[in-house]
Amino acid sequence: MPIKIGVSSGIFGIAKEKGHEEAMQYAGIPRKAMYSITKGVNFVQVDLESISEFLDPSLDDGVKNVEKLGITFGLHSETPAFGQREFPHLDSAIDVDYRRGHERMWIILENANRIRAKYVLVHSSESTPFIFLSREMQPTDLVDVWGRPFNTFIDEENKKDEWVKKWLIDINQGYIWIDLFTDTLQGIIDIEVKRTILSSSQTKKLITQSGETVEQKKTLTDEDKKEIREDVTKYVIEVYYDYFRRQIKSKSLHYGPERTAYYITAKWMERENDPLWDNIINVTAKYYALKDDFGTFKGDIEKWMEWKGIKKVNGKWSIENPGFRQFYQLWVPSVSAKYVWGHFMQDKCPGVGPYLDKDPKQVLAKKQVLFLFETPMAGHGSEDLLRFPQPGQMFFLIKEITSPYVGIAIDLEHLLMDGIDPDLAFQVLPDGAGKYIRVIHSGWPSPLGPAHIPIPIGSEQHQYLYKMYRELAKKGMDVKKEGKDDVYLIFERGGGEDPIKQSVLSLRLIKKFLEMDVPFDKLPLEFYGIEPGQVASEARQWTIIEEHGRDPLKGLLVVPEETHGQLSKSAIEKGKRPEEVKKEEIRG
C-alpha cells in the first residue's frame with residue numbers, strides 16, 4: 002500500500018478560546034474528522050481530548066457521514082499536550098495509575114473498534130521521570146508488571162529460593178531501604194544493637210532482703226556483645242522485612258516508592274535473562290556510545306561502559322553496580338517496557354492475570370486496529386530524562402508483545418525536544434525494525450516544540466525531513482506502492498488562520514520520491530518546487546513579479562480624465578486640479 006498523507010484535527014480545548022464559531026468545528030469526533038475536507042487529504046488524525054467523546058449521542062451517525070465523504074481517520078490518544086491531567090500511565094508501578102491506565106486504554110480501544118478507526122496512538126511514556134521520583138509523593142501501593150500486588154509477586158518469587166529476601170537484606174542493597182525507611186537495613190541494625198547493649202549494661206538498682214538499696218552494673222564481654230548483635234540482627238531482619246512487605250501494599254505516602262518496584266523488577270529481569278533487559282540496555286548503550294564518541298569507542302558498548310566506570314556483575318549488566326544503577330537512562334527503559342508489556346501479556350501472568358478479561362490484543366485483532374507507541378514529548382527541563390523515549394527501545398518491546406497490530410509512531414520534533422539525536426537514534430535501530438513504523442508525524446523539526454509549524458516546499462526543514470525518512474526506509478519502513486502495510490504521513494497542525502499552508506504539498510513531494518527511492522542528493526528540481534509550472538518556479542515567480550510589481554505605487558498616483566495628465570498625490574493635496582494640466586502638455 003502507498004504512503005497515506007493526512008493532517009491532525011486540532012482540539013476543542015484551544016479552539017474554544019477563539020470563540021464559539023471556530024470551536025464548533027472541533028465539538029466531537031465526527032466534526033474533527035471532517036477537518037480534512039478543505040485540506041486536500043482524506044485521512045485525519047483525530048486528537049482525542051477525553052474518553053467522554055465516545056458518549057456523543059450523534060457519534061455513530063456522524064462517523065457514517067464521515068465515511069460517506071470518503072474520509073478515514075485514526076485516533077491520537079489522551080496526552081498532557083491536549084490539556085489532560087489524567088491519561089494512561091502504562092509503565093507505572095503505582096496501583097491506582099496501573100489500574101486506571103489499563104481501564105482507559107481498554108475503553109479507547111473498544112470504542113476505536115466501534116467507530117472503525119485505523120489506529121490508536123499513545124505516547125510511549127509520560128510518567129514522572131525516574132530521577133524526579135525522589136521529590137514526588139506517591140502511595141506505596143505497588144504492583145508488579147501484571148498489575149498484581151507487589152508483595153504477591155515477592156512471595157511467589159521467594160517460593161523458589163527466597164532470592165528476593167536474601168537480595169533485599171544484602172548490605173549492598175541499602176539504597177532500597179533508604180528510599181522507604183530513610184536508612185539502610187545495616188544502619189537500622191546498628192542502631193538497634195547499640196540500644197540493646199546500652200539497655201543490657203545499664204546500672205540497675207536492687208533492694209536487698211534487709212531493705213537496703215544497692216546498685217549493680219552488668220559488664221558485657223565481647224562475647225556477650227557478639228551474641229546480642231546476632232540475636233538483634235535476626236530479629237530486625239524478620240521484623241523489618243515483614244514491615245517492608247506490608248509497607249509496599251499500603252496507602253501511606255512516601256517520596257517516590259515507585260523506585261522500589263523498579264529496582265526489584267530490574268533484578269528479577271536480570272535473573273530471568275529477560276530479552277527486554279539485555280536488548281534494550283544494549284541498544285540504549287550503543288546510542289550513548291555513539292553520542293559520546295570522540296573517535297575512541299566507535300559504538301563499542303564495552304569500551305564505553307568501561308569509560309563510564311560501569312562493570313558487569315557476574316557477567317551481567319546489573320543495578321548492583323552503582324555506576325550502572327545511577328545511569329538510570331540505561332536500565333529504566335527496560336523496566337518501563339516490561340510494565341507496558343504486562344498490560345498486553347496478561348496471559349503470561351502466573352495464575353490468572355488480574356486484567357485477563359480486558360486483553361488489548363484481542364480487541365486489536367477484532368477489526369485489525371493498530372496500537373502505536375509514539376516517541377514521547379518531554380517538557381523543558383526533562384530533556385533526556387523520560388523513561389522510555391527511543392524507537393530502538395520500542396522495537397524490542399513490540400517484538401515481545403507478539404501482535405501484528407502493534408507498531409511505532411515517529412515524531413522527529415519530539416525526539417529533538419527529548420534531547421535525543423534523531424540521526425543516532427535511527428542508526429542504532431536494528432535492520433528490519435522500520436517495518437514496525439506505521440505513522441510518522443511531520444512538521445517543522447524544532448527542538449523548541451511543540452511547534453507544529455507548516456513545512457515550506459523546498460525549505461531546509463523539508464529537505465531534512467526527506468533525508469531522515471529515507472533513513473527509516475533503509476531500516477525497513479514500507480514506503481513502496483506495492484507494500485502490504487499502510488504508512489501514515491501526518492502533518493500535525495498548530496494554530497493560526499492557516500495552520501497547514503504548503504505542508505500537504507510538501508508531504509506529497511516527500512511521498513512521491515520516497516516511493517521512487519530517490520537518494521537525497523539526486524532529488525530533482527520538482528522536490529524544491531522550482532520546476533516549470535510549480536509554485537516556486539522561475540517563470541511563475543516572474544509572473545507574480547509582473548502582476549504585483551506596481552503594487553507599491555497604489556494610492557500614490559491619480560489618473561485624471563483622458564484629456565488630463567497624471568498628478569502626484571502631494572500635488573493634489575496642495576490644491577492642484579487635474580484639469581489644469583492638459584494631456585498634451587505632459588506629453589510635451
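So for the sequence shown, this note's numbering puts the first residue at 2; every next one is plus one.
Where a beta carbon is used, it is the ideal one built from N, C-alpha and C, also for glycine.
Okay, do the region 101-113 and the region 375-393 touch, 3+ Cβ pairs below 8 Å being the bar?
-> Segment contact: the region 101-113 against the region 375-393, fewer than three CB-CB distances shorter than 8 Å; contact not assigned.
Hey, would you say N43 sits closer than 8 Å to V370, going by beta carbons?
-> Contact flag unset, no.
For L91, which three-state DSSP category applies?
-> DSSP places L91 in coil when its eight states are reduced to three.
Taking 8 Å as the cut-off, decide whether the C-beta atoms of Q503 and I454 are in contact.
-> no
Hey, could you find the ends of the alpha helix (DSSP H) I399 is sitting in?
-> For I399, the uninterrupted alpha helix (DSSP H) run begins and ends at 392-402, by DSSP.
What whole-angstrom Cβ distance do V592 and V284 have, given they're in contact under 8 Å?
-> For residue 592 there is no data in the structure shown, the boundaries of the chain being 2 and 589.
Give the DSSP-derived three-state secondary structure of M418 in the structure shown.
-> helix
Tell me the DSSP bridge mates of L122?
-> The secondary-structure analysis by DSSP pairs L122 across a beta bridge with H77, L373.
Test item: CB-CB of I249 and T141 under 8 Å | yes
Within the same chain, show all residues whose beta-carbon is closer than 7 Å to that of V146, passing over the 5 residues directly before and after it, in chain order.
-> T266, K339, Y340, W342, G343
In chain order, which continuous runs of the beta strand (DSSP E) of length 3 or greater are located wholly inside the region 446-515?
-> The DSSP assignment places 488-492 as complete runs of the beta strand (DSSP E) inside the region 446-515, in order along the chain (cut-off: 3 residues).
Rounded to a whole number of angstroms, what is the C-alpha to C-alpha distance between I12 and Q139?
-> Roughly 31 Å separates the two Cα atoms.
In chain order, which continuous runs of the alpha helix (DSSP H) of length 4 or greater are located wholly inside the region 240-286?
-> Every alpha helix (DSSP H) of 4 residues or more that sits fully in the region 240-286 is shown, in chain order, as 259-272.
D479, buried or exposed, once every other Cβ within 10 Å from all chains shown has been counted against 16 = buried
Starting from K69, trace the beta strand (DSSP E) both ways and give me its first and last residue.
-> Run containing K69: none in the beta strand (DSSP E); it sits in the alpha helix (DSSP H), 60-69.
Identified DSSP bridge partners for H549 | DSSP lists no partner for H549.
Would the region 305-317 and the region 346-359 be scored as touching if the rule is three or more Cβ pairs under 8 Å?
-> no
What residue from I189, I229, F88 has the CA that sits closest to L199's CA?
-> If you compare the alpha carbons of I189, I229, F88 with that of L199, the shortest gap goes to I229.
What do you get for H442, buried or exposed, if any count of 16 or more other CB atoms within 10 angstroms of its CB means buried?
-> buried
Label N173 either buried or exposed according to how many other C-beta atoms from any shown protein chain fall within 10 Å of its C-beta, with 16 as the threshold for buried.
-> exposed
Enclosing beta strand (DSSP E) for A338 [first to last residue] | Careful: A338 lies outside any beta strand (DSSP E), inside the alpha helix (DSSP H) at 333-345.
Backbone secondary structure at V97 - three-state DSSP | helix
Mapping DSSP to helix, strand and coil, what is Q46?
-> strand
Pull up the DSSP beta-bridge partners for H442, would you.
-> D412, I491
In terms of residue numbering, what span does the alpha helix (DSSP H) encompassing K5 cover?
-> It is not in any alpha helix (DSSP H) - K5 instead sits in the beta strand (DSSP E) that spans 4-9.
Is the Cβ-Cβ distance between L490 and K160 less than 8 Å?
-> no
Reducing DSSP to helix, strand and coil, say where H197 ends up.
-> Position check: residue 197 holds Thr in this sequence, whereas His was assumed. Looking at T197 - three-state DSSP - the assignment turns out to be helix.
Nearest-angstrom Cα separation, counted from F427 out to L473 = 7 Å
Give me the Cβ distance between L596 and S135, rounded to the nearest whole Å; I'm assuming they're in contact under 8 Å.
-> Given a span of 2 to 589 for the chain in the structure shown, any question on residue 596 remains unanswerable.
Measuring CA to CA, which of G324, L181, T185, L291 is closest to S253?
-> The shortest C-alpha separation from S253 is found at L181.
If you check the beta carbons only, do E273 and S319 fall under 8 Å apart?
-> Taking C-beta atoms as the reference points, E273 and S319 fail to come closer than 8 Å.
Among I546, D422, K235, V336, which has the Cα closest to the Cα of I189?
-> Minimum Cα distance to I189 is reached at K235.
May I ask which residues mark the beginning and end of the alpha helix (DSSP H) holding Q363?
-> 361-368 is the extent of the alpha helix (DSSP H) around Q363.
Reducing DSSP to helix, strand and coil, say where P140 ends up.
-> In the structure shown, P140 falls within a strand segment according to DSSP collapsed to helix, strand and coil.
For the alpha helix (DSSP H) holding N152, just list the boundary residues, first then last.
-> For N152, the enclosing alpha helix (DSSP H) has its first and last residue at 151-162.
Beta carbon of Y37 nearer than 8 Å to that of G7 = According to the sequence provided, residue 37 is Ser. The question's Tyr does not apply to it. One thing to note: S37 has its Cβ within 8 Å of the Cβ of G7.
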